[in-house]
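What follows is a short report on a single structure.
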Amino acid sequence: MIFIPLILIPIISFLLGILFTYEIRKIFARAQFRFGPLMSMYGELKPLLGTSRLLQPLYDILKLSYKETIIPKSANKILFKISPWISFLLALIASYFISYGGFTLLGRFELNIIFLIYFIIGVTLFWLLGAVASGSPWSEIGVRREAELMFTIEVLLILSAFSSAVQADTLSIKGIIDAQLASYPYVISNPLAALSFIIAILGKLHLKPFDIPDAEVEIVAGPFTEYSGKYLALLYASKYILTAILVGFFIDLFLAGGQLLPPVSFLNLVINFITFTALCLIVTFAISLIHALAPRFRIDQGFNWILTRAWPIAVLSIILSIIYRFIGVM
Amino acid sequence: MIKLNEVLSELEKILSPNFKIVKLDMNGRHVYIETSVDKLIDAAKYLLSIDGRLIHITASDEDYKGLKLIHVYGLDHMDVNSHIILQTYLPRENAVAPSVSKLTYQVSWAERETMELLGIKFDGHPDPRHIFLPYEWPDPVESKAEEWKPVKVEGKCILPIGPYHPAMLEGGYFKVKVDGEEVIDVDIKVGFNHRGIMRLAEKRSFWRDIFLVSRICGICNTPHALTFVMAAEAIANITPSDRAQYIRTLLAELNRIHSHLLWLGVAGDLIGFKTLLMWTWKIREDIQDSIELLTGNRVHMDAIIIGGVRRDVNDQQIRKVEEKLRNVKREVEKLADIVFSHSIVRARTEDIGILSLQDAKNGGAVGPTARASGWKIDVRKDSPYAAYSEEYTTWDIVVDEGKDVFARVIVRVKEILVSIDICLQCLDALKRVSGPIKVEVKEFPEGETIRKSEAPRGELFYYIASNGSNIPKTVRIRTPSYRNISALIFMLKGYSLADAPIIIGSVDPCFACTDRVIIVDEKKGKKVILSYDEFMKGLALKKLEV
């Protein structure tokens, strides 16, 4: 029985990543009076199927994967080639920890939040390593910005994840979901933690106002500048999976994993998965709106903003959780 | 405020005995003075000391008389319409003149251009490098090819922004030397697309030149055509009718609105505000539609001809354009609210790229860039042309004391509203003023003239000389971006790399108009935010140290 989730979960997280990336792109476009990913459709089928090209992010990857891959002369070839693979692999492993509406492989055992956070950091870390190995000054500056951003963003991610863990008194994702099912979703009791987690998602996924590492008018594509062809496709794929993981992690931590019904039968699992996806789409909608309506911070401003505005929120949220924990309001 | 008569009497004392007024133009406000070479520096010292602007230095080939060196001084910001044009003749062989750029930075590029195009040597020029040609010319360019690659020198990284870069749509090369994130040195090489339009214009008739010069720049095409036509009309000694003047003003202002909206969008993109880009460009569509309605073309209007305009405007068109303009006004006011109060926009634009008033005067900034530094210069008020003077339309110059990028945003957004106002006044006037839209031109007698106009980016200057035929003998153009890009050296130093694109963008650079080079001295700045040398140590980066 272990083989079913082993094979299914990466596929699910990849498809969810494509869906969320599509949504971010579409809402970004609609906020700007553009159409976003679009395809031509027969006139009679239009009312039925619409004209949205849902799989556009997948087509991007497919197109890149059969394009020529150029490796710069100045690059450290082994590191340059191996880093996208490792980051993709780490993203795949991280996807096993998420509970997709009760459907999970590694979500049950204790301390798995710590593992998950390590894997999430690992994905970004290997982006940076590959970029440094490329030897391009654009990547260099992108990496430096990304590293600076990481120091602040990871703290937000960890604090807000742990505030849920403190409140549920467990370090397993399944445990947190069960605790929420027993009482109420933690987004109600601790909205501050949810807020700081959203900020962390924006930072991790390089969405505005934190798209500082790949600001194209300043440093071309930041860490990804020298990548092309199938390595760029791999980096994109790992980014899509990371999108699914982070948004799913948010649902698990603050919205009871989207579990509407107890996961006893197959039908209940399917319904739970649909609820989970719907909640994910709502969260993605929120982050897309922020993405559309904000300009980019300069790195020092972004750093300061997180330090002075977002960190206090995260610290408050964890204090709130400790208070809940000790006065026993679960 | 100094008057032209006082300046002239003082100048006569300085230049005597070589002081000869050769021509008076524009009711005696444009004074053409012939003098000798050695007096030029004294005249420059005096005219700059009374806050005069050195608009341009150029030269023209006068056959057996030699090369005519022309210094154009503008005093019109102090006394309406006043200009002093100093002329002197140099021998055709080994022409040498004193360099004025020792005194003021603003003509540095003009002198380098004259050096390159006409071979006049300027004695004591601080930076006598090539301007259109590669620096290494006549050595083969390939020998220095590595200069165009990213390299790492003494712990500092040199980044190439350009010749092709996402921040710029046109070919320009900004060699930025950074220490961490901080810009410590900039070298700009432009001139990748030198088209020789001034030479081309001397090969075609006046009529064909109108369409040639409006192709210098796609965005501000109408001011180019308008200024050329005004100069040609001054030579042919004709005045267009009031109705034609109103239509010209309307078209020029529509051009300004669309240029400023375009700039606002690009500036938004440069600070990562993609949504602002799309919004402003959507609003701009209304302006493009109006232009299409009035002239038949969406971008290149080609509506202005010598003696008037090509097409008349009827009442139906007036109503439609009025409606569209009101719509644009509403949208721009909404947008201005968002832009002025958005905290991240303010954080990204306030207190960066500061250009002090003194630097603006020394660097010769023009247009919105100068007005954002608190300098109240606007050709439309200083030397009124078309229908900008008091008896035609009423409006005010927009000035801001902020001196930073945000001030430039404010000035441009407010100017959009002022321009809409002028357009509406013109449309009102067109309902009652009737008359011919064209005056016939008989001949272009021998003569020379200068004319200026306020293009969206600033003061646009034309010098035209005719030899009596239907082909102009000399055409000299000084575009506003020429000045504003050269003034960038005062804005870029010491700011973050992330700010470089918006600072460069804040002057609305138009490389199609420009093609020049500048240099910034290296400056020891603050510490880096994160010691990246240590961070990178042992990794592949050491391969960069070529």
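Protein chains in written order, with this note's numbering: chain E, 1 to 330; chain L, 1 to 546. For each residue, glycine too, the CB sits at the ideal point set by N, CA and C.
Whole-angstrom distance between residue j and residue i, CA atom to CA atom
i	j	result
GLU146/E	ILE212/E	8 Å
THR280/L	GLY218/L	18 Å
LEU159/E	LEU90/E	22 Å
PRO47/E	MET41/E	10 Å
SER373/L	VAL155/E	42 Å
TRP305/E	ILE313/E	12 Å
PHE273/E	ILE12/E	10 Å
GLY122/E	SER238/E	11 Å
GLU68/E	ILE61/E	13 Å
GLY353/L	LEU255/E	46 Å
ASP312/L	ASN467/L	32 Å
PHE250/E	LEU497/L	34 Å
LYS381/L	MET78/L	11 Å
ILE519/L	LEU133/L	The predicted position of ILE519/L is uncertain, since its pLDDT is 23 and thus under 50; a value taken from the coordinates is nonetheless stated next. Their Cα atoms are separated by approximately 16 Å.
ILE120/L	PRO480/L	24 Å
Helix, strand or coil at residue i according to DSSP, with G and I counted as helix
i	result
ALA455/L	strand
GLY308/L	strand
TYR22/E	helix
THR295/L	helix
ASP42/L	helix
PRO262/E	coil
SER554/L	Lying before the first or after the last residue shown, residue 554/L is absent from chain L, which here runs from 1 to 546.
ARG53/L	strand
LYS361/L	helix
ILE84/L	strand
HIS260/L	helix
GLY402/L	coil
VAL366/L	coil
PHE3/E	helix
LYS438/L	strand
C-beta neighbour in chain E for residue i, strict 8 Å
i	result
ARG348/L	yes
MET278/L	yes
LYS274/L	yes
LYS537/L	Low confidence applies to LYS537/L: its pLDDT is 33, below 50, so where it sits in the model is not reliable enough to give any reading.
ILE271/L	yes
ILE580/L	Outside the modelled stretch of chain L, which goes from 1 to 546, sits residue 580/L, for which no answer is possible.
LEU497/L	yes
LYS493/L	no
GLY268/L	yes
LYS23/L	no
GLU522/L	In this prediction, GLU522/L scores a pLDDT of 31, lower than 50, which makes its location untrustworthy; the coordinate-derived value is nonetheless stated afterwards. For GLU522/L, the answer is no, since every Cβ of chain E falls outside 8 Å of its Cβ.
Beta-ladder partner(s) of residue i, from DSSP
i	result
GLY447/L	SER466/L
LYS68/L	SER60/L and TYR89/L
ARG145/E	DSSP output for ARG145/E lists no bridge partner at all.
ALA97/L	PHE122/L
VAL475/L	ILE464/L
LEU38/E	SER52/E
LEU547/L	No information on residue 547/L is available, as it lies outside the stretch 1 to 546 that chain L covers here.
TYR73/L	LEU54/L and ILE84/L
ASP396/L	Looking at the DSSP assignment, ASP396/L forms no beta bridge with any residue, so it has no partner.
PHE103/E	TYR100/E
Within-8 Å CB hit, residue i to chain L
i	result
GLN32/E	yes
LYS26/E	no
PHE109/E	no
LEU195/E	no
ALA294/E	yes
PRO312/E	no
LEU56/E	According to the sequence shown, residue 56/E is Gln rather than Leu. With 8 Å as the cut-off, GLN56/E does not count as an interface residue toward chain L.
ASP214/E	no
ARG309/E	no
Residue i beta carbon near the ligand MN (any heavy atom closer than 7 Å)
i	result
LEU417/L	The ligand MN is not among the ligands present in this structure, which contains no ligands whatsoever.
Requested in this report: Count the CB pairs spanning the segment 265-275 of chain L and the segment 341-355 of chain L that are closer than 8 Å, and state whether there are at least three.
Outcome: Cβ pair count under 8 Å is three or more, so yes.
**Report entry** Stretch pair the segment 80-90 of chain E + the segment 5-22 of chain E: three plus CB contacts closer than 8 Å
**Finding:** Flag = no, the segment 80-90 of chain E and the segment 5-22 of chain E do not touch.
Query raised in the report: Okay, do the segment 295-311 of chain E and the segment 198-210 of chain E touch, 3+ Cβ pairs below 8 Å being the bar?
Result: These segments touch.
Query raised in the report: Contact between the segment 450-462 of chain L and the segment 211-228 of chain L: three or more CB pairs below 8 Å?
Result: Put simply, the segment 450-462 of chain L touches the segment 211-228 of chain L. At least three CB pairs are less than 8 Å apart.
Query raised in the report: Should the segment 285-292 of chain L be regarded as contacting the segment 433-444 of chain L, the criterion being three or more beta carbon pairs within less than 8 Å?
Result: Counting Cβ pairs under 8 Å, fewer than three are found: no touch.
Query raised in the report: Using a beta-carbon distance cut-off of less than 9 Å, what residues from the segment 120-146 of chain E approach chain C?
Result: Of the chains in the structure shown, none is chain C; the protein chains are E and L.
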